[in-house]
Amino acid sequence: MVNNTDQVKEQLQGSMGKQFRAMGFQPKHPVALFNSLSGNVIEVIESDRMPHWVAKQPNGADGGALWVDVAKVTSAAIGNITGMGHTNTKAHRIQKWHDELIHMMDSDKDGEVDTEELITFLTQTATLQDDQLIKSVLKEAEGKTTIQLLKELGPCMPKVLSALVSAKSNAEQEIQVKNKTIEYNWEASTEFAKHMQLKGGYADPDGIKVRARSGLASMECLVANDPGGVMAKLGAALMLPVTTALKDIGYQEGVNLRGYGYDWRVPCTKLEKREQYLSKTMQDIAELVATNKGQKAVVITHSLGGVMASYFFHWVAHSDYGKAHGGVQWLEEHIQAFLPVGGPMLGTPYGSHSYITGDEGQNLAPAVFSYADRHLVVRSWGMFGMIFPCGQHLMLQPTQSVHWVRRQGCLNVHVLSVQMAGEQVDKDDNTNLQYYVMAGIKHHTTGKVAKKLKCTPIQMSSHGAIDERLLFYWNTGPESVEGTVLTVSLWRDWVGPIDKELGRGTFELGENKMTVVEGPSKGETLPGLTRNEYVEVQLPLKEKAADGLEVTATVRLKFVPFDENNMHNDFRRKDDPGAYRCGGPADACTSPAKQSQLLKALGPELGKEWAPLSTKDPSKKVTYSPMSIDQMFVLDEMVGNYEAWKECYADDPIWRKHSTEPPEGVNRIRPIYGINMPTLVGNVYRRSNKRIARYQPNTSLDLDTDCKIEHDGYACNRGIITEMPHKTPQADDPTKPLSEMTFKKRCSGDGTVAYWSLRWPITWKERGYDVKMTEVEGAGHRDILETMECLETCLVESCSRPAKYVEIIMESITYTAGSSCLSCCFNVCCCCLVCLCKCIGLNTDNVFAELSWHDNTFTTEPLLANWRRGERKVESQRRFVLGVTQEDFDKGACIGLSINTAVQMDISFGPQASGTKSVGVNINDLLKETTAQSQVVKMGTSSGARHAIKWSWRWGAADDSGKPNFG
Numbered sequence: 030m031v032n033n034t035d036q037v038k039e040q041l042q043g044s045m046g047k048q049f050r051a052m053g054f055q056p057k058h059p060v061a062l063f064n065s066l067s068g069n070v071i072e073v074i075e076s077d078r079m080p081h082w083v084a085k086q087p088n089g090a091d092g093g094a095l096w097v098d099v100a101k102v103t104s105a106a107i108g109n110i111t112g113m114g115h116t117n118t119k120a121h122r123i124q125k126w127h128d129e130l131i132h133m134m135d136s137d138k139d140g141e142v143d144t145e146e147l148i149t150f151l152t153q154t155a156t157l158q159d160d161q162l163i164k165s166v167l168k169e170a171e172g173k174t175t176i177q178l179l180k181e182l183g184p185c186m187p188k189v190l191s192a193l194v195s196a197k198s199n200a201e202q203e204i205q206v207k208n209k210t211i212e213y214n215w216e217a218s219t220e221f222a223k224h225m226q227l228k229g230g231y232a233d234p235d236g237i238k239v240r241a242r243s244g245l246a247s248m249e250c251l252v253a254n255d256p257g258g259v260m261a262k263l264g265a266a267l268m269l270p271v272t273t274a275l276k277d278i279g280y281q282e283g284v285n286l287r288g289y290g291y292d293w294r295v296p297c298t299k300l301e302k303r304e305q306y307l308s309k310t311m312q313d314i315a316e317l318v319a320t321n322k323g324q325k326a327v328v329i330t331h332s333l334g335g336v337m338a339s340y341f342f343h344w345v346a347h348s349d350y351g352k353a354h355g356g357v358q359w360l361e362e363h364i365q366a367f368l369p370v371g372g373p374m375l376g377t378p379y380g381s382h383s384y385i386t387g388d389e390g391q392n393l394a395p396a397v398f399s400y401a402d403r404h405l406v407v408r409s410w411g412m413f414g415m416i417f418p419c420g421q422h423l424m425l426q427p428t429q430s431v432h433w434v435r436r437q438g439c440l441n442v443h444v445l446s447v448q449m450a451g452e453q454v455d456k457d458d459n460t461n462l463q464y465y466v467m468a469g470i471k472h473h474t475t476g477k478v479a480k481k482l483k484c485t486p487i488q489m490s491s492h493g494a495i496d497e498r499l500l501f502y503w504n505t506g507p508e509s510v511e512g513t514v515l516t517v518s519l520w521r522d523w524v525g526p527i528d529k530e531l532g533r534g535t536f537e538l539g540e541n542k543m544t545v546v547e548g549p550s551k552g553e554t555l556p557g558l559t560r561n562e563y564v565e566v567q568l569p570l571k572e573k574a575a576d577g578l579e580v581t582a583t584v585r586l587k588f589v590p591f592d593e594n595n596m597h598n599d600f601r602r603k604d605d606p607g608a609y610r611c612g613g614p615a616d617a618c619t620s621p622a623k624q625s626q627l628l629k630a631l632g633p634e635l636g637k638e639w640a641p642l643s644t645k646d647p648s649k650k651v652t653y654s655p656m657s658i659d660q661m662f663v664l665d666e667m668v669g670n671y672e673a674w675k676e677c678y679a680d681d682p683i684w685r686k687h688s689t690e691p692p693e694g695v696n697r698i699r700p701i702y703g704i705n706m707p708t709l710v711g712n713v714y715r716r717s718n719k720r721i722a723r724y725q726p727n728t729s730l731d732l733d734t735d736c737k738i739e740h741d742g743y744a745c746n747r748g749i750i751t752e753m754p755h756k757t758p759q760a761d762d763p764t765k766p767l768s769e770m771t772f773k774k775r776c777s778g779d780g781t782v783a784y785w786s787l788r789w790p791i792t793w794k795e796r797g798y799d800v801k802m803t804e805v806e807g808a809g810h811r812d813i814l815e816t817m818e819c820l821e822t823c824l825v826e827s828c829s830r831p832a833k834y835v836e837i838i839m840e841s842i843t844y845t846a847g848s849s850c851l852s853c854c855f856n857v858c859c860c861c862l863v864c865l866c867k868c869i870g871l872n873t874d875n876v877f878a879e880l881s882w883h884d885n886t887f888t889t890e891p892l893l894a895n896w897r898r899g900e901r902k903v904e905s906q907r908r909f910v911l912g913v914t915q916e917d918f919d920k921g922a923c924i925g926l927s928i929n930t931a932v933q934m935d936i937s938f939g940p941q942a943s944g945t946k947s948v949g950v951n952i953n954d955l956l957k958e959t960t961a962q963s964q965v966v967k968m969g970t971s972s973g974a975r976h977a978i979k980w981s982w983r984w985g986a987a988d989d990s991g992k993p994n995f996g
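Throughout, the numbering used here is defined as the position within the sequence shown, counted from one, plus 29.
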C-alpha cells in the first residue's frame, strides 16, 4: 500500500547507518575497534592436552573457539555439576598430595626419591623407628627399588605419611619464620578451565597456547559462530550495533574498518611481551591509514577496550619502540579521534569485586567454572588490575573505601594427623576403614558453639595423615582468644546416617597456656598460643567407646587477631609509596581534607562518608574496617597474585606514570557512556568458618549479607554498595582545589562503571584537549552500544558530513502513455517486462518518479498516467532531503531523475518508462537559486508525447552534528 506519511520520515527509517547514509554521510576516516572484557573470541592455538580443540589443525579441521564456544562451555557446566570429566577429583588430589609428601624425602633435589633417601628418612624419624613392619622391610631392602619398598610398606603407609606431614609442617614453619611465603600451584578441574587459566597473570600454561581470534565477527557477539545472529538477538551482541551501523553507511571490513581484538585476560602491559600486540597494532593502523589516502583513524572502544587503547597511545608515545617509530608525532598523524564507550578510565569497584569474589553474581559457577575453579581462574587473569578502582575516583564522592571487612578474630586449626593405640587397633589393623576429625569452637564473648567443621574422611589404621586446615572466626573481641574453647573429636565414618565417635577432647585456649577441659589428662596444661604463629601440639582425646582406645590428634594452632595496621604475614612491598591505579598510600581514597570539605559542602548527613553497620547487632559490637586493595591481597593470602599484580602494573613505568593521564598526540576525545543506573561502588566482606581442603583453591572472604549503611545517597544489598540514580553526591569539577570543590551533582554510573570513572576525560579539557561528552540517561554498560546517541556519535566522528542539505519536493509527473499493449506485442515486444505486466493485468500504466543521489535511491508514490492529459500531482512520498558535501560541489555531482513504470499498482518498483530518458542535474545548478521554486525537467519524448518531472527545492544548513537544519 502507498505510505502517506512524509517521505523524509520514511527516508530516515531503518538502522542508524542507513539513516545517515540516506542523509548523505559517507565513510571518511578508517575505523579501528578495540573490544571489551570477554568481548572477543579467543581460540586454542596449541594444546598438548586437547589437540582436537586447536582452531586450525594440520589436517584442515577446526577445533572452534574456546571463549565462548557453546559446546565446550556446556560440557564444562555438566562436569561442574556432576563431576564428570574433572581431573582435580578427590582421588586425584589425594594422589597428588601423596606424591608431594613422598618427594619430601628427595634430599638431593634431583626430582626422584632413591632407595637410600627412603631408608634414611625411615631410620631417622623417631615415630617410625620402632615400627616392626618398617624394621622388617628395611632388613630385606638391599637390591630393591623405591617403588618395591613403598609397596611393601603399604600397611603402615598412613604412619609414614603422618611423619611426612609433620616434616612438611616443620619445613613450612621454617619458611614463615624467615618471612618467606609458601606458594601453591593450583590446578583447575576441567579442561575448559585449564585452558582459560593463566600463569603469573599473563603467561600461557604449560603445553597450552590461547590467543584472540581476528576479524570483526570475533568481537561482534559473545558467542562464537552465532548461527543467524540468534544469540546476538538474545542479548549476547557486543560491538555488533556499531559495526552494523558502520557497514550500513558503506564501511568495508579490512578496507576502512578493522578490529584489533586482543586476549582480554592479559594485562595491557604484557601483551607486547607475550605476542607483540602493540607493535603489530601500530604497524597495522599505519597501513590502514596509508591505504585510505592518509585519512587518520577513528578509534572506537568499549569498556576495557578504552583502557587498552589508552595504554596503546601512551606506549606509542613513551616506549622505546614507539618513540623510534614516531612517538607522539605518529599519533598526531594517524589518530583522528578516540571514542571510549563506557570506558573505565579510572578503573571501577566492580573490577576488584569480580577479582575477589570470582565474579560472583555473573553466574560463572557452576555454569562455566566450578565454585573452586571460579576463584582460581578469575584471579589468574592479570587484566583485572586494569580496572581495579583508583583512589583518585573515590576522592570525588562520600566513599571512604571500596573494600570493608568485618573485624573478626581467627583460629586456624591445621590438623596434621591422628593416632590410635590399643588392643582393638592391633587386632584389626584395617586400612580400609574411614575416619575423620571434627572440630568446633565456642568463643568466650558469645558462649555460642560455632559451626563445627570436619576434615575429609581418610583411610587409616593406627595412624592417619590429614593435613587440612579448619578456619574459625568470631566477631566480638577479635583481638583476643582468651577463654575460647576448642573441641576436637575423631569419628569413624560408618555406612549410613550415624557415625561413631571414638574420642573427644575439649581445650580452653589462651596466649599463656592451653588447658585440657575434657580428655584423658583433664586439667593438664599445654603450650599457649602465640599471635600470628603456629604452635604444634598433641591433643589427647578422651575415649567415647569401650574399645580401650588411646587417641591423639596432632594439630598446629594459630591465633590471628584482626589488626589492619599490623597484618599477619604481610607480604606487601615495604616502603612502597604506590601510585594511582598501583595501590599503596598514593592511591588513597580519602583524606582529612576531603572529609572536611564534604561536610562543609553537603552537611552532616550527605557529607559523611558511608560506613557499614551490622543488621543483627543493635549494640554495634560488630565493627568493620576499610581496607585498601593491597590489604585485601594480604587478608586472603593471595601472595602470588599480589606479586603478579605489582609486576604487571607498578613495575611498568608507562602504566605507573600515565594510566590516568590524557594521551599525548590524540587531541580529539569523545567519551560516550550511560548514567543513572545503580552502580557498584563498594563491597562489605566477612569471613566464614570453612575447611580449606588440600589442592582445593578457595577464599576466606564472603560478601557480608547482614550489613547496612545509613546514607541517603547509596543503597546496600547483600554486601554490595551502589551509587544511586539522581541521589549520589558527585563532585562538580575535579580540577578545582579540594578546598573549593562542590558536590551539587546527583547521579550514578552505568551499572558497571562508576560515574566519575566514565567522565574522567572531561578533566583533560583544561589541558588543551578537545573533549566532548555524550551522556545517555538510563543507558546500561552494554546497552549503550545500541543507543541512538552512541551510534550517532560514532558515525558523525567517522564519516564525512554534508556541508549543506537540499530539500527536494517532487510536485508532479507528466507522462503520456504510448501505443497499446496489444500493439506492442504484435511488434514483437513480448519480452518487454512492462508489456508482459500489462498483458497479465498487473499494470494500468502506473508510473513513479525515481531520484538517485550517490548510491541512494528514492521513489514517489505510483501515479496513474492519463491518456489524454499526462500531468498528475504527487500527493505523498514527495519530499527528500539530500546531504551535499564540499566534495560534491567541487566535483559537480549529479542528482539522477527518471520516470519508471510500476509493475504493480501500489508498489514503486519497475523499469524505466517507455519513451523516457534518465536526466542528471548538476548539484551546483541548484545553488543558483537558493529559495524554493518550481522547475520542469524534460524527461524525453515518444510518438509526439512529452514527458517531464516538475520539482522544487530549498537549501538548508548542517548543524554541529552534521544533521539538516532548515530553520
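Built from N, CA and C at the ideal position, the CB exists for glycine as well.
Since we're looking at a predicted model, the values are computed, not measured.
Report task. Name the two residues that bound the continuous beta strand (DSSP E) containing Asp954. Result -> First-last for Asp954: 952 to 956, but that is the alpha helix (DSSP H), not the beta strand (DSSP E).
Query raised in the report: Out of curiosity, what's the CA-to-CA distance linking Gly53 and Lys979?
Result: Straight-line Cα distance between these residues: approximately 23 Å.
**Report entry** Rounded C-alpha distance that separates Pro878 from Val327
**Finding:** The sequence as given places Ala at residue 878; Pro does not occur at that position. Rounded to the nearest angstrom, the two C-alpha atoms are 39 Å apart.
Query raised in the report: Roughly how many angstroms lie between the CA atoms of Val863 and Leu307, to the nearest whole one?
Result: For Val863, the predicted model reports a pLDDT of 47, less than 50, meaning its position is unreliable and no value from the coordinates is stated.
Query raised in the report: Is the beta carbon of His432 within less than 7 Å of some heavy atom of the ligand GDP?
Result: By its list of ligands, the structure shown contains no ligand whatsoever, and the ligand GDP lies outside what it can speak to.
Query raised in the report: When we look at the beta-carbon of Gly949 and count the other beta-carbons within 10 Å, is it buried (16 or more) or exposed?
Result: Gly949 is exposed by the Cβ-count criterion.
**Report entry** Contact belief for Val73 with Gly92 at Cβ below 8 Å, rounded distance in angstroms
**Finding:** With a Cβ gap of about 6 Å, Val73 and Gly92 count as contacting.
Query - Proximity below 8 Å, CB of Trp520 to CB of Tyr609 - result: Not a contact, by the Cβ cut-off of 8 Å.
**Report entry** Per DSSP, cross-strand counterpart(s) of Leu482
**Finding:** Leu482 is bridged to Ala468.
Query raised in the report: Beta carbon of Leu375, beta carbon of Trp82: below 8 Å?
Result: No.
Query raised in the report: Along the chain, where does the alpha helix (DSSP H) that runs through Arg303 open and close?
Result: Unbroken alpha helix (DSSP H) run through Arg303: 300 to 304.
Report task. Tell me Gly532's beta-bridge partners as DSSP assigns them. Result -> Under DSSP, Gly532 shares a beta bridge with Leu519, Glu572.
**Report entry** Helix, strand or coil at His976 [DSSP, three-state]
**Finding:** If DSSP states are grouped into helix, strand and coil, His976 belongs with the strands.
**Report entry** Rounded straight-line distance, which links the Cα of Pro87 to that of Glu75
**Finding:** Cα-Cα distance, rounded: 12 Å.
Query - Secondary structure of Gly985, DSSP reduced to three states - result: For Gly985, the three-state secondary structure derived from DSSP is strand.
Report task. For the beta strand (DSSP E) holding His331, just list the boundary residues, first then last. Result -> Start and end: 326 to 331.
Query - Start-to-end residues for the alpha helix (DSSP H) that takes in Ile278 - result: Note, Ile278: alpha helix (DSSP H), 269 to 278.
Query raised in the report: Cβ of Tyr1026 within 8 Å of Cβ of His976?
Result: Shown here, the chain extends from 30 to 996; a query on residue 1026 therefore has no answer.
Query raised in the report: For the region 577 to 591 against the region 440 to 454, are there 3 or more C-beta pairs whose distance is under 8 Å?
Result: The region 577 to 591 makes contact with the region 440 to 454: 3 or more CB pairs, one atom from each, lie closer than 8 Å.
Query raised in the report: Is Gln358 helix, strand or coil by DSSP?
Result: In this structure, Gln358 counts as helix in the three-state DSSP scheme.
**Report entry** DSSP three-state assignment for Trp96, whether helix, strand or coil
**Finding:** Collapsing the DSSP output to three states places Trp96 in a strand.
Query raised in the report: Is Asn872 helix, strand or coil by DSSP?
Result: Interpretation of Asn872 is limited by its pLDDT of 44, a score under 50 that renders its predicted location unreliable; the figure taken from the coordinates is listed afterwards. In this structure, Asn872 counts as coil in the three-state DSSP scheme.
Query raised in the report: For Lys801, which residues of its own chain have a beta-carbon under 7 Å away from its beta-carbon, when the five flanking residues on both sides are left out?
Result: Excluding residues within five positions, the ones whose Cβ falls inside 7 Å are Arg699.
Query raised in the report: With respect to the beta strand (DSSP E) encompassing Glu8, which residues constitute its N-terminal and C-terminal limits?
Result: As shown, the chain starts at 30 and ends at 996. That puts residue 8 outside it, with no answer to give.
Query raised in the report: So, using beta-carbon positions, are Pro549 and Lys571 closer together than 8 Å?
Result: Against a cut-off of 8 Å, the Cβ pair of Lys571 and Pro549 comes out as a contact.
**Report entry** Under the three-state DSSP convention, the category Tyr639 falls into
**Finding:** Per the sequence shown, residue 639 should be read as Trp rather than Tyr. The answer is strand: DSSP assigns Trp639 an E or B state.
Query raised in the report: If you check the beta carbons only, do Ile738 and Leu642 fall under 8 Å apart?
Result: Taking C-beta atoms as the reference points, Ile738 and Leu642 count as a pair closer than 8 Å.
Report task. Quick one: residues in its chain with C-beta nearer than 8 Å to the C-beta of Asn214, no 5 flanking neighbours on either side, listed in chain order? Result -> With a pLDDT of only 49 at Asn214, under 50, the local geometry of the prediction cannot be trusted, and no value is derived from it.
Query raised in the report: For Leu267, does the count of other Cβ atoms within 10 angstroms reach 16, so buried, or fall short, so exposed?
Result: The residue is buried, with at least 16 neighbouring Cβ atoms inside 10 Å.
Query - Extent of the continuous beta strand (DSSP E) run through His443 - result: That run of the beta strand (DSSP E) goes 438 to 450.
Query - Rounded Cβ spacing between Asp779 and Thr708 (contact assumed at less than 8 Å) - result: Yes, they are in contact, since the Cβ atoms of Asp779 and Thr708 sit about 7 Å apart, within 8 Å.
Report task. Grab me the residues of Arg436's own chain with a C-beta within less than 6 Å of its C-beta, minus the 5 sequence neighbours each way, in chain order. Result -> Pro507, Phe591, Thr652, Ser654, listed in sequence order.
Requested in this report: Can you check DSSP and say which residues form a bridge with Ala494?
Outcome: According to DSSP, which records beta bridges pairwise, Ala494 is partnered with Ser446.
Report task. With a cut-off of 8 Å on the beta carbons, I'd call Leu500 and Asn712 a contact; round off their distance for me. Result -> Leu500 to Asn712, Cβ: 20 Å. No contact.
**Report entry** Which listed residue (Ala346, Gly230, Asp313) has its alpha carbon closest to that of Pro296
**Finding:** If we check each option's Cα against that of Pro296, Gly230 comes out closest.
Query raised in the report: Span of the alpha helix (DSSP H) holding Pro655?
Result: Under the DSSP assignment, Pro655 falls outside any alpha helix (DSSP H), being part of the beta strand (DSSP E) whose first and last residues are 653 to 656.
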